[in-house]
Amino acid sequence: MDGAPLIGGTKRRASSRRPDAGFAAALMAGLTLAGCAAPPKTDLRLPAAYEGPSATSANLASDAVSLDRWWTRFGDPLLDRLVDEALASGLDAQDAAARLAEARAAKSGALTSFLPQGDPSASYLKQRTRTGGAATDLRITTGDFDVNWQVDLFGRLPTASRIAKADLAAARFAYEGSRASVAAEVADSYFQARGLAIQLQDAHESARVQKELYDMTERRARAGLSAVADADRVAGDLSQSNARVASLEAQLQAQKRALLILVGRVVDPTTSIAIAADVGVAPAPPSLVPGDLLTRRPDVREAQARLASASGRANLARLTMLPTVRFIPGLGYSRPSIGGATTTTSLGLALSQPLFDLPSLLSQAGVQKAQAAQAAIAYERTLRQAFKDSEAALVGLDADRRQVALLADGEARAARAYRAARANYGRGLTDLQSTLSAEQAWRTTRTQLTSAQVQAVRRAVQAYQALGGGWPVDRYSSVASSK
16 MDGAPLIGGT KRRASSRRPD AGFAAALMAG LTLAGCAAPP KTDLRLPAAY EGPSATSANL
76 ASDAVSLDRW WTRFGDPLLD RLVDEALASG LDAQDAAARL AEARAAKSGA LTSFLPQGDP
136 SASYLKQRTR TGGAATDLRI TTGDFDVNWQ VDLFGRLPTA SRIAKADLAA ARFAYEGSRA
196 SVAAEVADSY FQARGLAIQL QDAHESARVQ KELYDMTERR ARAGLSAVAD ADRVAGDLSQ
256 SNARVASLEA QLQAQKRALL ILVGRVVDPT TSIAIAADVG VAPAPPSLVP GDLLTRRPDV
316 REAQARLASA SGRANLARLT MLPTVRFIPG LGYSRPSIGG ATTTTSLGLA LSQPLFDLPS
376 LLSQAGVQKA QAAQAAIAYE RTLRQAFKDS EAALVGLDAD RRQVALLADG EARAARAYRA
436 ARANYGRGLT DLQSTLSAEQ AWRTTRTQLT SAQVQAVRRA VQAYQALGGG WPVDRYSSVA
496 SSK
């Protein structure tokens, strides 16, 4: 039947309306946007040097390689062993390794769509035909192998390859960043434990001193040289010191347990780890400039790789609006039981151009472009946060060192003042209140000194981590940067 089909008994007249102008415009826009676009611009400017004394002090080490295993600079074999155990057996390190393995597997499958597609097939058919009283059997064996292979004319494959490499690079930097965080967490937990050990030692010393003062006061009370209430007052202070000893013992045990769990030694008793009552002196970090953060900080390198991936995805989204050409070879084989075998070969090309789904592709391209812009912002934000963290840690470390020096001098003077006051009290030259005040001043200054020493070494840990320490940077020197 000629003409348009009848619907409901009425001939439908073919539409003479011209193609939608908006759709045509979308088509032209899609083909225009499909060209390769430059990645978003980033502002990576940083100051030439850190502000503050720590940035320019002459005693800073110059060997940046020492950052890779910075914890060895503390000269503590136990710390070295704990960090190595955590990196080998800790759950956080194992989790980071599992995520990296996932990323490697994802990269392996990312480019499979550009490989030849197709599966061989085979069949066997047995057919019986009866004509009158006679039966005829027919057996047919067939085999087919059709292949579909995309011919990359517009650079989809290199773009997808760059995306896969950038994703894997980001996963590697995330892996190294996690391990660097594990090392810093172990060191920080270890120095917290040593700080508690020092406080416990100080508490024992305070209890010993107060016991001596109590014995002296009691003897003077029995001799009628002082009131009995003086001995009771010192006894109350002694009870408080003993209570503080018990509290610090519990805190130290809890910290040791947390440290053992962190390094993967869950079943080991807390007595298996000996914590010295000494934090030592924090080593100076290497003398670096803010620009080194671009290569030293794993989180900055990760953000850089994610920007490269996002930019590649934006380009790939544009390339999907271009034609797709597929090479389609085929091979067939058929062998019936009656007659000769037949072999069939085919060779063809298929060309497809997005048309009706072009608006959707344009939308996806806009989404990918916006995500690339977000990745650029995240890259800048990560770099600026890294600069903020590193400068704050360096300035804070310098202040901590000066504070330790001042408090060490103050503690020595307070200790001499207390010893003199106690000697004068024993000779009856001063009253108990003056002696207790001197003893309290000494204890307070000693507690402040201990806290400052612990804070200084913990700040050194922060500085090493903030400068990008704790991972082998040279191993990733060949990783391509985003451009």
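Residue numbers are given in the numbering used here: position 403 of the sequence shown equals residue 418, and the series is strictly consecutive.
Note that the Cβ used here is the ideal one computed from N, Cα and C, for glycine as well.
So the candidates are the options; which of them puts its Cα closest to the Cα of residue i?
i      : options                        : result
Pro15  : Leu267, Ala189, Leu322         : Here the chain comprises residues numbered 16 to 498, so residue 15 is not present and cannot be evaluated.
Ala198 : Pro487, Ile288, Ala414, Val98  : Val98
Ile343 : Met336, Ala238, Leu362, Glu191 : Leu362
Val201 : Arg60, Gly483, Leu102, Ala244  : Leu102
Arg417 : Leu464, Asp134, Gly239         : Leu464
Ala429 : Gly441, Thr450, Thr445         : Thr450
Gly381 : Thr156, Ala149, Ser326         : Ser326
Ala467 : Val476, Val419, Leu482         : Val419
Gln214 : Val469, Gly484, Ala181, Ser492 : Val469
Gly279 : Arg96, Gly485, Pro92           : Arg96
Gly306 : Glu406, Ala289, Glu100         : Glu406
Pro12  : Ala385, Glu117, Arg171, Gly347 : As displayed, the chain neither begins before 16 nor continues past 498, which places residue 12 out of reach and without an answer.
Ala164 : Pro92, Gln132, Gly441          : Note on residue identity: the sequence assigns Trp, not Ala, to residue 164. Closest option to Trp164, Cα to Cα, is Gln132.
Tyr394 : Leu444, Arg321, Thr144, Asp161 : Arg321
Phe206 : Ala181, Arg88, Val294          : Val294
Ala181 : Gln319, Asp489, Ala401         : Gln319
Thr57  : Arg442, Ala387, Leu444, Ala184 : Ala387
Tyr433 : Leu444, Ala323, Leu409, Arg458 : Arg458
Leu346 : Ala116, Asp161, Leu409         : Asp161
Gly441 : Ala238, Arg171, Ala212, Thr127 : Ala238
Glu117 : Pro92, Ala185, Phe129, Ala64   : Ala185
Helix, strand or coil, according to DSSP, for residue i in the structure here?
i      : result
Pro55  : coil
Pro92  : helix
Gly279 : coil
Ser81  : helix
Ala175 : helix
Thr445 : coil
Thr146 : strand
Pro301 : strand
Gly483 : coil
Tyr65  : coil
Leu376 : helix
Thr462 : helix
Bridge partners of residue i, per DSSP?
i      : result
Leu163 : The amino acid occupying residue 163 in the given sequence is Asn; Leu does not appear at that position. DSSP output for Asn163 lists Gln132 as bridge partner(s).
Val340 : Val166, Leu366
Gly345 : Asp161, Ser361
Lys141 : Arg154
By Cβ distance below 7 Å, which residues in the same chain neighbour residue i in space, the five residues on each side in sequence not counted?
i      : result
Glu233 : Ala246
Ala222 : Leu253, Ser256, Asn257, Val260
Ala218 : Ser256, Arg259, Val260, Leu263
Gly411 : Arg474
Ala7   : Residue 7 falls outside the range modelled here, since the chain spans only 16 to 498, and no answer is possible.
Ala208 : Leu267, Gln270, Lys271, Leu274, Ile290
Arg88  : Ser81, Pro298
Distance check for residue j and residue i, CA to CA, integer angstroms please.
i      : j      : result
Pro62  : Val296 : 29 Å
Leu334 : Phe169 : 7 Å
Leu364 : Asp107 : 51 Å
Asn330 : Glu317 : 20 Å
Leu140 : Ser123 : 39 Å
Ala41  : Gln389 : Interpretation of Ala41 is limited by its pLDDT of 46, a score under 50 that renders its predicted location unreliable; the figure taken from the coordinates is listed afterwards. Using only the alpha carbons, I get a separation of about 25 Å.
Ala438 : Ala236 : 17 Å
Gln477 : Gln268 : 24 Å
Leu59  : Ile392 : 11 Å
Thr286 : Gly90  : 22 Å
Arg396 : Gln216 : 44 Å
Ala481 : Arg399 : 12 Å
Gly425 : Ala195 : 37 Å
Asp415 : Ala471 : 5 Å
Ala175 : Thr339 : 15 Å
Val315 : Ile276 : 29 Å
Arg248 : Gln225 : 11 Å
Ile288 : Gly105 : 16 Å
Ala149 : Thr357 : 27 Å
Ser349 : Ala125 : 36 Å
Ala250 : Arg431 : 23 Å
Leu447 : Leu422 : 26 Å
Ala265 : Tyr229 : 26 Å
Ser241 : Ala456 : 23 Å
Ser492 : Asp413 : 31 Å
Leu94  : Gln383 : 46 Å
Ser204 : Leu409 : 20 Å
Arg177 : Ala212 : 52 Å
Going by beta carbon distance, what residues of the same chain come within less than 6 Å of residue i, once the five residues before and after it are set aside?
i      : result
Tyr479 : Trp85, Pro300
Pro487 : Asp83
Thr5   : Since the first and last residues shown for the chain are 16 and 498, residue 5 lies out of range.
Considering only residues of the same chain and omitting the five flanking positions on each side of residue i, which have a CB-CB separation below 8 Å?
i      : result
Ala137 : Thr156, Thr157, Gly158, Asp159
Arg490 : none
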